[in-house]
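1 is the number of the first residue of the sequence shown in full-length UniProt numbering; add one for each residue after it.
The next block holds one structure in the form of structure tokens; read it before the comments.
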Amino acid sequence: MSHYNFIYAFGLFKVAVLQNQCREMMIVTSGAVAFGKQRLRHEILLSQSVRQALHSGQNQLKDMSLPVLEARACAAAGQSGLMALYEAMFTQYSTCTAQILVTNLDFHDDQKRRNLNSTLHELLRMNIVPIINTNDAVVPPPEPNSDLQGVNVISIKDNDSLAARLAVEMRADLLIALSDVEGLYDSPPGSDDAKLLDTFYPGDQHSITYGTKSRVGIGGMEAKVKAALWALQGGTSVVIANGTHPKVTGHVITDIVEGKKVGTFFSEVKPAGPTVEQQTEMARSAGRTLASLESEQRSDIICTLADLLTERKDEILSANKKDMEHAVSTGRLSPAMLKRLSLSSSKLNSLSIGLRQIAVSSQDSVGRVLRRTRVANKLELEQITVPIGVLLVIFESRPDCLPQVSALAIASGNALLLKGGKEAANTNRILHELAQEALSIHGVNDAIQLVSTREEVEDLCRLEKMIDLIIPRGSSQLVRDIQRAAKSIPVLGHSEGICHVYVDHEASVDKAIKIIRDSKCDYPAACNAMETLLVHRDLLRTPLFDQIIDMMRTEHVKIHAGPKFASYLTFSPSEVKSLRTEYGDLECCIEVVDSMLEAVDHIHKYGSSHTDVIVTENEDTAEQFLQQLDSACVFWNASSRFADGYRFGLGRCLFLFFSSTNLFKCFPFNLIMTLWCFVGAEVGISTARIHARGPVGLEGLLTTKWVLRGEGHTAADFSEQGSMTYLHENLPVAQVLPGRRTTS
């Protein structure tokens with residue numbers, strides 16, 4: 001592991017931890033010259049001050065100038081101090097170290113090279129960390145770079161070349177070269193267009209523009225890259241990463257060893273397809289073209305995709321069969337996850353119908369005028385809807401999510417990056433091909449990209465300059481992991497769906513039974529399924545409560561008793577381990593509360609702000625519940641399963657007729673009359689407080705921009721000395737500006 005000047009104590013701690021995990025670690029370091037220079041300066045100043053005081057007989061000293069210090073002398077004086085520092089640091093972690101000083105001659109002479117190799121292997125065998133440095137006290141001047149051109153010898157000129165030579169000599173698995181920047185950039189770091197390269201291939205050297213040498217060390221990034229390529233050619237993997245942050249360096253070392261994407265990885269094998277960064281750039285570029293299309297063209301793409309889902313259903317179901325067979329054989333998926341993974345002809349038909357509904361409902365989504373203001377005479381302002389940009393949707397075991405989200409992205413003019421679970425790899429692949437085929441009719445194939453490389457979610461969340469919004473669709477653990485990893489990218493979603501149904505003492509028996517059954521049993525794996533049933537205390541030992549329990553037994557719902565409910569029972573079901581549990585199956589918790597207000601407090605404490613229901617015939621009680629409960633969705637006498645974009649009709653518009661003949665192509669004739677209703681779909685349910693909350697449909701995938709049209713207006717025109725005054729008149733959004741077609 002190479003570093004310019006020093007390794008921070010936390011970095012040394014991680015080295016010690018890895019060493020104690022039976023990983024053989026070597027450190028190539030420098031600092032002897034700097035240590036020695038500081039020590040010699042102190043000695044010279046002390047010596048000069050003593051001589052001057054003796055010569056003058058006074059305590060006042062004249063200005064003293066330091067002589068130029070020779071580097072070899074500094075190295076000789078500093079070696080002991082440098083090693084003492086390492087000894088002191090590693091001793092804290094019960095790790096033994098040994099110092100080895102080398103020169104070029106130790107590698108050119110066969111006997112010396114064998115001796116060095118033997119010594120290093122013996123130290124590693126004894127679990128000792130070798131700390132290696134060039135013997136700067138006797139080292140000759142650096143040799144030319146001619147030996148870096150692919151031959152078997154590399155001159156030892158700095159830590160990078162020394163580390164590369166040792167890595168090859170010792171047949172190391174990994175060389176970590178720590179720098180003062182994040183890794184290798186295609187142009188000098190800090191320049192406007194500089195991009196960090198996650199992976200670097202030998203053939204890419206011509207595309208790199210190097211800047212000035214680092215503020216530390218003597219080699220610079222160009223020398224570091226040459227040394228890395230030499231080590232790579234010798235069979236050692238190489239990573240260049242940042243090692244200058246005290247709180248991060250140790251994590252960098254362990255993250256690299258664990259295979260996480262940190263810094264720049266040097267590889268001899270270039271992948272056949274584009275990198276995820278290239279995919280994101282392609283999607284953004286095509287997405288801008290997609291957003292500029294007419295709404296009828298975007299609808300045409302969605303209708304084409306809807307047709308392909310039914311026309312090519314045999315291919316889709318064949319791919320899905322492979323995924324199902326593999327999932328069943330491995331036994332890694334729960335029954336609920338297997339159900340989500342499975343596709344059928346009827347599900348594809350429903351998807352196709354849903355996509356056609358999205359196509360119709362999206363006619364005025366992008367470019368819709370929300371507000372118009374006459375700021376002043378001939379100065380008019382508009383607020384219009386625009387796409388968010390590039391969406392990253394990460395989903396598990398739900399291949400039907402791919403066409404749904406694709407259609408919503410197309411309708412809203414957004415570029416889309418999709419990362420599906422490997423359990424649905426075959427199904428996702430064919431569905432993505434169909435989406436790109438539909439996009440191709442208007443030349444925007446690249447607007448939707450499927451990440452098929454082995455990118456970790458954490459790595460995707462690092463693309464904050466490329467991705468504008470992340471939408472996770474999966475388990476609560478997946479959502480939490482994404483929220484934790486996406487430090488700079490907004491995440492739209494909810495980590496848990498802990499939904500409650502509260503049955504008040506004034507509830508209708510029939511309504512309570514129907515709502516509880518539907519909320520829990522209709523689709524137990526859904527995030528809007530009931531997980532906790534709150535029952536008013538007065539209902540215990542009543543016919544209503546008995547009917548609820550009988551219905552749950554009939555539906556094979558496993559009951560867990562809350563603490564208060566368990567206290568009322570002599571022989572209770574298994575007591576719940578946590579009142580904040582999302583079961584995702586035919587299981588639920590039952591708890592007792594004394595009042596509606598206690599139910600609200602319970603939900604605020606243990607719920608997830610997703611969807612919560614009250615069942616009561618008392619309107620005042622219901623309205624108080626609806627007003628006081630702070631959840632994304634709050635229902636009165638309705639199943640929690642209504643918390644869904646399709647059921648909410650998030651298409652926004654009520655379509656009683658079609659004004660465009662193009663839209664007739666989207667629907668078979670016998671379906672046209674059935675669309676006298678709200679239509680829509682969702683990309684997910686958000687429990688966030690800003691941007692979008694609850695089921696998120698097209699509106700949640702749009703943002704706005706302000707468009708101001710003037711005729712040479714300036715702010716100075718409205719100053720005290722100016723000739724103009726503000727009007728700020730609200731204008732009807734349907735009004736057409738002169739010379740401009742309205743989009744509303």
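For glycine and all other residues, C-beta sits at the position ideal for the given N, C-alpha and C.
What you are looking at is a predicted structure, and each value in this text was computed from that prediction instead of being measured.
Query: Grab the span of the beta strand (DSSP E) containing glycine 81 for me, first residue to last.; Result: Taken as a continuous stretch (DSSP letters only), glycine 81 belongs to no beta strand (DSSP E), being part of the alpha helix (DSSP H) at 71-91.
Query: Please report how far the alpha carbon of arginine 39 lies from the alpha carbon of asparagine 133, in whole angstroms.; Result: 19 Å
Query: Report the CB separation of methionine 466 from valine 393 in whole angstroms; it is logged as a contact under 8 Å.; Result: Not quite, the Cβ-Cβ distance comes to about 15 Å (not below 8 Å), so this is no contact.
Query: If we count the other Cβ atoms within 10 Å of its Cβ and call it buried at 16 or more, is methionine 126 buried or exposed?; Result: exposed
Query: Just grab the DSSP bridge partners of glutamine 297 for me.; Result: According to DSSP, glutamine 297 bridges with nothing at all.
Query: Go through the region 183-249 residue by residue and report every complete run of the alpha helix (DSSP H) that reaches 4 residues or more, in order.; Result: 220-233
Query: Assign leucine 588 to one of two classes, buried (16 or more other C-beta atoms within 10 Å of its C-beta) or exposed (fewer than that).; Result: First, the amino acid is wrong: residue 588 is cysteine here, not leucine. Buried, since its Cβ has 16 or more Cβ neighbours within 10 Å.
Query: Count the other CB atoms within 10 Å of the CB of valine 634; is the residue buried (16 or more) or exposed (fewer)?; Result: buried
Query: I need the straight-line Cα distance from alanine 486 to leucine 343, nearest angstrom please.; Result: 31 Å
Query: Just list the residues that DSSP pairs alanine 415 with in beta bridges.; Result: Val390
Query: Who are the near neighbours of valine 239 in its chain, counting only those whose CB is closer than 6 Å to its CB and skipping five residues on each side?; Result: Ile176, Ile256, Gly263 and Phe265
Query: Starting from the Cα of threonine 280, find the closest Cα among Glu617, Asp594, Ile470 and Asp630 and give me that residue.; Result: Ile470
Query: Verify whether the separation of the beta carbon atoms of glutamine 363 and glutamate 423 is less than 9 Å.; Result: no
Query: With the cut-off set at 9 Å, would you say leucine 708 and valine 369 are in Cβ contact?; Result: no
Query: Across which residues does DSSP place phenylalanine 635 in a beta bridge pair?; Result: Val613
Query: By how many angstroms is the C-alpha of valine 501 removed from the C-alpha of aspartate 612?; Result: 6 Å
Query: Give me the Cα-Cα distance between leucine 698 and threonine 330, rounded to the nearest whole angstrom.; Result: 37 Å
Query: In whole angstroms, what separates the C-alpha of serine 30 from that of leucine 229?; Result: 21 Å
Query: From alanine 529 to glutamine 205, what distance separates their C-alpha atoms?; Result: 55 Å
Query: Which residue wins for smallest C-alpha separation from serine 299, given the options Ala227, Ser406, Glu122 and Leu341?; Result: Ser406
Query: Distance, Cα to Cα, residue 797 vs threonine 236?; Result: Because the chain is modelled from 1 through 744, residue 797 falls outside the range shown and cannot be assessed.
Query: Just the C-alpha distance for alanine 167 and aspartate 446, rounded to the nearest angstrom, thanks.; Result: 42 Å
Query: Please state if the CB of leucine 379 and the CB of glycine 710 are separated by a distance shorter than 9 Å.; Result: yes
Query: Under 7 Å Cβ to Cβ from leucine 439, same chain only, skipping five residues before and after it: list those, please.; Result: Ile301, Asn445, Ala447 and Ile448
Query: For aspartate 644, tell me which candidate among Glu619, Val696 and Tyr568 has the shortest Cα-Cα distance.; Result: Val696
Query: For glutamine 363, report the span of its alpha helix (DSSP H) as first-last.; Result: Unbroken run through glutamine 363: none, as it is neither H nor E.
Query: Less than 9 Å separating the beta-carbons of leucine 351 and leucine 317?; Result: no
Query: Counting along the chain, where does the beta strand (DSSP E) carrying leucine 533 start and finish?; Result: 530-536
Query: Select from Ser595, Tyr568, Cys521 and Ile603 the residue whose C-alpha is nearest the C-alpha of threonine 581.; Result: Ile603
Query: From what residue to what residue does the alpha helix (DSSP H) around lysine 558 run?; Result: Element bounds for lysine 558: not the alpha helix (DSSP H) but the beta strand (DSSP E), 558-561.
Query: Pick from Asp160, Ala172 and Cys74: whose alpha carbon is nearest that of serine 179?; Result: Asp160
Query: Could you pull the DSSP bridge partners for glutamine 383 from this structure?; Result: Arg371 and Trp706
Query: Once the 5 residues before and after valine 733 are set aside, which same chain residues still bring their CB inside 8 Å of it?; Result: Val369, Leu370, Arg371, Arg372 and Ser744
Query: State yes or no: is the C-beta of histidine 556 within less than 9 Å of the C-beta of serine 595?; Result: no
Query: In the DSSP assignment, what are the bridge partners of threonine 264?; Result: Ile240
Query: Take the Cβ of phenylalanine 667 as the centre, count every other Cβ of all protein chains shown within 10 Å, and call the residue buried at 16 or more, exposed below.; Result: Its pLDDT being 41, under 50, phenylalanine 667 is placed unreliably in this model, and the value from its coordinates should be taken loosely. Looking at its Cβ environment, which holds 16 or more other Cβ atoms inside 10 Å, phenylalanine 667 is buried.
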